[in-house]
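**Student:**
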Amino acid sequence: MEKIPNLDWANLPFGYVRTDYNVRCYYRDGKWGEIEVSSSENINIHMAATALHYGQEIFEGLKAFRGADGKVRIFRLEENARRIRESAMGLKMVPVPEDLFCEMAKKAVELNARFVPPYGSGASLYIRPLEIGMSASVGVRTSTEYLFMILVSPVGPYFKTGFAPTKICIMREYDRVAPKGTGRWKVGGNYAASLGAGERAHELGYSAVLYLDPKEKKYLDECGPANFFAIKDGRYITPASESILPSITNMSLQQLARDMGIEVECRHITVDELDHVQEAAACGTAAVASPIGEIDDLDTGKKYVIARDGKPGPVTTRLYNHLRAIQLGEEADNHGWNTILDI
Ligand code: PLP
Ligand code: COI
20 MEKIPNLDWA NLPFGYVRTD YNVRCYYRDG KWGEIEVSSS ENINIHMAAT ALHYGQEIFE
80 GLKAFRGADG KVRIFRLEEN ARRIRESAMG LKMVPVPEDL FCEMAKKAVE LNARFVPPYG
140 SGASLYIRPL EIGMSASVGV RTSTEYLFMI LVSPVGPYFK TGFAPTKICI MREYDRVAPK
200 GTGRWKVGGN YAASLGAGER AHELGYSAVL YLDPKEKKYL DECGPANFFA IKDGRYITPA
260 SESILPSITN MSLQQLARDM GIEVECRHIT VDELDHVQEA AACGTAAVAS PIGEIDDLDT
320 GKKYVIARDG KPGPVTTRLY NHLRAIQLGE EADNHGWNTI LDI
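Under my numbering, the letters of the sequence shown match residues 20 to 362, in that order.
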């Protein structure tokens with residue numbers, strides 16, 4: 020086995036790459052078992068498992084970075100451990116204890132240290148924890164057995180354009196989630212429900228769909244697999260909605276904005292307000308902070324051109340650089356967001 024995998028680090032897509040190991044833990048007989056390390060990419064699952072029939076599947080997404088000092092940093096590990104518990108409770112699954120989640124994530128990164136992309140490559144190690152209901156059931160009910168596992172994969176930017184403005188669209192014929200549904204949790208079914216809209220948007224040349232609130236179709240909700248924020252008259256504005264995922268990246272950017280003296284407003288944002296914003300971006304673990312250059316409302320035909328010069332806006336650029344610098348250990352981690360591994 021070569022020490023450094025032969026990968027084109029600087030040009031990695033956001034995709035799956037086989038690594039050396041994954042970690043697993045089973046919940047059976049009312050308790051979580053021992054952490055298992057596996058080099059197999061397969062799992063053994065009953066054909067009647069609740070995950071397969073009734074969608075008891077939740078996941079997380081976080082990243083590890085090789086820093087300027089050679090150390091590996093996992094960004095906001097505890098916050099992801101907290102959020103998957105919320106998702107578990109939403110789908111009536113048994114939540115993974117936060118310390119187990121953290122221990123397994125660290126182990127998955129440590130065991131695959133040679134796949135953490137080198138500092139300066141722009142790539143990172145994506146960590147994908149997931150929990151699935153394993154009990155056989157034909158009746159619609161919650162599982163009594165669960166599998167929690169973590170796989171990792173080195174990844175590049177989510178949007179092909181990298182840190183350059185993309186075009187997104189609004190299409191009212193599609194919803195990703197219901198008004199009081201599962202949007203606030205990270206459940207596989209939400210993503211299945213978004214595939215049709217996503218594919219249509221890609222066919223039309225857009226990188227993502229900007230979903231509106233599913234009840235009134237009046238307010239902005241989120242942007243494909245990312246939250247949305249905009250800069251309006253010097254303020255950071257981002258949708259308040261119970262049908263979107265509480266993005267940990269968004270939360271972090273809001274804190275950085277406040278640190279920079281920028282006012283943050285988390286509130287309803289109407290579609291019309293897009294006429295009055297100076298910058299817009301999609302934010303998330305995969306998307307980081309991806310500038311949005313134009314938003315086309317396909318129902319009204321209205322085009323909101325945001326990045327008139329085709330360049331990312333100054334506030335988005337500062338926020339992006341600040342976040343990246345903390346993740347890479349180039350700037351002080353004043354809020355204690357990184358878990359440092361000496362590997
Ligand atoms: N919204 C959705 C639907 C997502 O899938 C993601 C990705 O995780 C986000 C928002 C961003 O969340 P985070 O910043 O925690 O990755
Ligand atoms: C992430 O940003 O971590 C995500 O989960 C997005 C993913 C669904 C591609």
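Ideal Cβ positions, reconstructed from N, Cα and C, are used throughout, including at glycine.
Tell me, please, whether the region 302 to 309 touches the region 76 to 95 by the rule of three or more beta-carbon pairs shorter than 8 Å.
**Tutor:** Contact between the region 302 to 309 and the region 76 to 95 is present, because at least three Cβ pairs lie under 8 Å.
**Student:** Comparing alpha-carbon positions, which option in P114, C121 and L71 lies nearest F94?
**Tutor:** Position 75 of the sequence shown, counting from 1, holds the residue named residue 94. Per the Cα distances, C121.
**Student:** List the residues that DSSP assigns as beta-bridge partners of Y255.
**Tutor:** The residue given as residue 255 occupies position 236 in the sequence shown. I250 and V283.
**Student:** If we count the other Cβ atoms within 10 Å of its Cβ and call it buried at 16 or more, is S58 buried or exposed?
**Tutor:** Residue mapping note: residue 58 aligns to position 39 of the sequence shown, counting from 1. So S58 counts as exposed.
**Student:** Quick one: grab the DSSP three-state call for P333.
**Tutor:** One-based indexing of the sequence shown puts residue 333 at position 314. Helix at P333.
**Student:** Does DSSP put E261 in a helix, in a strand, or in coil?
**Tutor:** Your numbering for residue 261 matches position 242 in the sequence shown. Coil at E261, not helix or strand.
**Student:** Just to confirm, does L275 get its C-beta within under 7 Å of one of the non-hydrogen atoms of the ligand PLP?
**Tutor:** Along the sequence shown, read from residue 1 onward, the residue named residue 275 stands at position 256. No, the Cβ of L275 stays beyond 7 Å of every heavy atom of the ligand PLP.
**Student:** Given a threshold of 16 other Cβ atoms within 10 Å of its Cβ, counted over all protein chains shown, does K125 qualify as buried or as exposed?
**Tutor:** Residue 125 sits at position 106 when you count from the first residue of the sequence shown. So K125 counts as buried.
**Student:** Within a Cβ cutoff of 7 Å, which residues of the same chain sit near A87, ignoring the five residues on either side of it in sequence?
**Tutor:** As a first step, residue 87 must be located in the sequence shown, where it is residue number 68. Closer than 7 Å at Cβ, skipping near neighbours: Y138, L347, G348 and E349.
**Student:** Does DSSP put I169 in a helix, in a strand, or in coil?
**Tutor:** As a working mapping, residue 169 is identified with position 150 in the sequence shown. Of the three classes helix, strand and coil, the one that applies to I169 here is strand, per DSSP.
**Student:** I'd like to check one pair, T268 with E298: are the Cβ atoms closer than 8 Å?
**Tutor:** If you number the sequence shown from 1, residue 298 lands on position 279. If you number the sequence shown from 1, residue 268 lands on position 249. No, the Cβ-Cβ distance between E298 and T268 is not below 8 Å.
**Student:** Express the C-alpha separation of A220 and Y230 in angstroms, rounding to a whole number.
**Tutor:** Looking up residue 230 in the sequence shown gives position 211. Looking up residue 220 in the sequence shown gives position 201. Going from the Cα of Y230 to the Cα of A220 covers about 12 Å.
**Student:** By DSSP, does E192 sit in helix, in strand, or in coil?
**Tutor:** Translated into the one-based positions of the sequence shown, residue 192 becomes position 173. The answer is coil: DSSP assigns E192 none of H, G, I, E or B.
**Student:** Starting from D316, trace the beta strand (DSSP E) both ways and give me its first and last residue.
**Tutor:** Along the sequence shown, one-based indexing puts residue 316 at 297. Start and end: V307 to D316.
**Student:** Does the region 318 to 325 come close enough to the region 273 to 285 to have 3 or more Cβ pairs within less than 8 Å?
**Tutor:** No: the two stretches stay apart, fewer than three of their Cβ pairs being nearer than 8 Å.
**Student:** Is it the case that the Cβ atoms of F78 and R191 are separated by a distance below 8 Å?
**Tutor:** Here the question's residue 78 lines up with position 59 in the sequence shown. Here the question's residue 191 lines up with position 172 in the sequence shown. For F78 and R191, no; Cβs fall outside 8 Å.
**Student:** Does the beta-carbon distance from L170 to I151 come in below 8 Å?
**Tutor:** Taking the sequence shown and counting its residues from 1, one reaches residue 170 at position 151. Taking the sequence shown and counting its residues from 1, one reaches residue 151 at position 132. Not closer than 8 Å, so no.
**Student:** For R203 and I362, I'd like the C-alpha separation in whole angstroms.
**Tutor:** Position 184 of the sequence shown, counted from the first residue, corresponds to residue 203. Position 343 of the sequence shown, counted from the first residue, corresponds to residue 362. C-alpha separation (whole angstroms): 35 Å.
**Student:** Using beta-carbon positions only, say whether L119 and W51 come within less than 8 Å of one another.
**Tutor:** On the sequence shown, residue 119 is found 100 positions in, with the first residue counted as 1. On the sequence shown, residue 51 is found 32 positions in, with the first residue counted as 1. Their beta carbons are under 8 Å apart, which means L119 touches W51 by this criterion.
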